[in-house]
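Written out below as structure tokens is the structure these notes cover.
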Amino acid sequence: MPKLLLVEDDKIIANIYQRKFTQEGFTLAHSEDGRDALAKLTAFDPDVIVLDIMLPKLNGLDVLRNLRAQPRYGDLPVIVFSNAYQSKLIEEAWEAGATAVLMKANTNPKTLVDNVNDLLAKRPRRELSQPAPVQPAPPAKNEGVTAFLSKFPQFVEGFSSLHQTLLTTTDPAQRQSCLQQLDQACQNLANGATAASIGPLAHLGQAAQALYKEFRDKPGTISASSIRTSTQVESVLRIAASQASRLSSIPHSPPRALVVDDTELSSRNDAFALERAGCQVVAVASGEQALEKANQNRFDLFVISLDLVGMSSQEILRQLRANPAHAQTPAVFVTPQPEFQSRMPSTPDANTDIIATPYSLVEMGLKAVVHNLRSHLQTDSE
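In the working numbering, each residue's number is its place in the sequence shown (first place is 1) plus 46.
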């Protein structure tokens, strides 16, 4: 049987993956931290490793560098789990010798098994016996879904309490503590939603975690605009909790975004941030081009500069939404920071948003993720 070493500190995620790989005929060993993983290498002698980056005692990157420094493990297949918004860590994982890097939010247990089997078939480290025959299991509700949904409302209440403290505290130490707890809460959300195969919610957890980590590491990124985005995370989580029974049926497909900006550099920046968040992006430079594209294609998000020459941004949005297919399509207006407060939407509208430049790539990406999930929840409730 192929031998797999699973290095994952989240016990719920680890248990789900262990059951799946055991059903598929693998022999497993599990480590909850990096030091234990290295200790088990020689005794267990795995054929493949699944390695989380964020680990206690010794992080996944150091584990990977350590084993690649040993000749006998130079070609051992290692699949690294990462957060799509931790681009630096992803680059470091490739440089350290990862065989593959997978995003947790997009990888359910079956997908992971398929990736492991593909690697073993393409890059066998040694002759492997065939996995033991697997008897088809009777259809059953995903245990991960049941466990996740049962705890989700309680999670949202805890998240909201932390977030409200973040908004109201004036104590720097308490603010940092809140951000650290929100970071961990979002990681737990991403892990739990991944195990439950609820991709959009896992994606939200990863994107929000990246924002709170950025708040901690770069306090200068905290602004009226980014706090507004953070508050929208809390809002969409509350909506999701109120529709928990529908969450497992939400599709996880790349949202299509239309960027309208006549400044090339700004347009490229918008497109890059959205693509990094998993969006498929079409960029145009005028209202007329936007209307033409929207008549030909279905979009899930509009991102429109408020400083366009020619047709005004508000008129562009009005005409875009005159198309029944886009009547409820979310729109994010982009404006310079000094004009953010004065250009805030005058009436509350969940589908009309605003972001201030210069923004971080994480904030724009999170906007897209929030609005995509909100749109699915609104559609499902109609």
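Glycine included, each C-beta is placed from N, C-alpha and C at the ideal position.
Cα-Cα, which of the options is closest to residue i?
i, options, result
"His298", "Leu337, Ala239 and Ser276", "Ala239"
"Met100", "Leu113, Glu141 and Gln230", "Gln230"
"Ala225", "Arg65, Lys264, Asn341 and Gly80", "As written in the sequence, residue 225 is Leu, which differs from the Ala given in the question. Closest by alpha carbon: Lys264."
"Ala253", "Gln233, Ser77 and Glu78", "Gln233"
"Leu148", "Val96, Gly356, Ala115 and Ile62", "Val96"
"Gly400", "Trp140, Ile350, Gln374 and Ala319", "For clarity, residue 400 is Ile in the given sequence; the question names Gly instead. The shortest C-alpha separation from Ile400 is found at Ile350."
If you run the structure through DSSP and keep just helix, strand and coil, what is residue i?
i, result
"Lys168", "helix"
"Gln456", "For residue 456 there is no data in the structure shown, the boundaries of the chain being 47 and 428."
"Arg302", "strand"
"Ile350", "strand"
"Met390", "coil"
"Met357", "coil"
"Leu148", "strand"
"Leu135", "helix"
"Ala219", "helix"
Can you tell me the Cα-Cα spacing of residue i and residue j, whole angstroms?
i, j, result
"Val162", "Asn397", "41 angstroms"
"Leu113", "Ala83", "10 angstroms"
"Leu195", "Ser294", "9 angstroms"
"Glu137", "Ala368", "43 angstroms"
"Pro307", "Leu352", "Residue identity check: residue 307 is Asp in the sequence provided, not Pro. One C-alpha to the other measures close to 9 angstroms."
"Thr269", "Thr157", "Residue identity differs from the one stated: residue 269 is Ser in this sequence, not Thr. Rounded to the nearest angstrom, the two C-alpha atoms are 38 angstroms apart."
"Ala371", "Gly80", "50 angstroms"
"Thr88", "Arg118", "10 angstroms"
"Leu166", "Tyr258", "37 angstroms"
"Phe386", "Thr403", "9 angstroms"
"Asp55", "Gln220", "26 angstroms"
"Val380", "Arg65", "47 angstroms"
"Ser288", "Gln116", "51 angstroms"
"Thr375", "Leu347", "6 angstroms"
If you drop the 5 nearest sequence neighbours on each side, which residues of the same chain put their C-beta closer than 8 angstroms to that of residue i?
i, result
"Ser206", "Glu280, Leu283 and Arg284"
Might you give, ordered along the chain, the residues of its own chain that have their beta carbon closer than 6 angstroms to the beta carbon of residue i, omitting 5 neighbours on each side?
i, result
"Ala75", "Leu51, Lys86 and Phe90"
"Leu419", "Pro246, Leu250 and Val282"
Give me, in chain order, the residues of the same chain whose beta-carbon lies closer than 7 angstroms to that of residue i; leave out the 5 immediate sequence neighbours on both sides.
i, result
"Ala290", "Leu195, Phe198 and Pro199"
"Glu260", "Thr267, Ser406 and Val408"
"Ala178", "Reliability fails at Ala178, whose pLDDT of 44 lies under 50, so the model's placement of it is uncertain and the value that follows must be treated cautiously. Contacts found: Met47 and Gly71."
With a threshold of 8 angstroms between beta-carbons, can residue i be considered close to chain D, or not?
i, result
"Arg114", "Among the protein chains of the structure shown there is no chain D, as only one such chain exists."
Applying the 10 Å Cβ sphere with the 16-neighbour rule, what's the burial state of residue i?
i, result
"Asn343", "exposed"
"Gly204", "exposed"
"Leu213", "exposed"
"Pro300", "exposed"
"Gly356", "exposed"
"Thr192", "exposed"
"Asn341", "exposed"
"Thr275", "buried"
"Pro102", "exposed"
"Lys57", "exposed"
"Ser421", "buried"
"Gln255", "buried"
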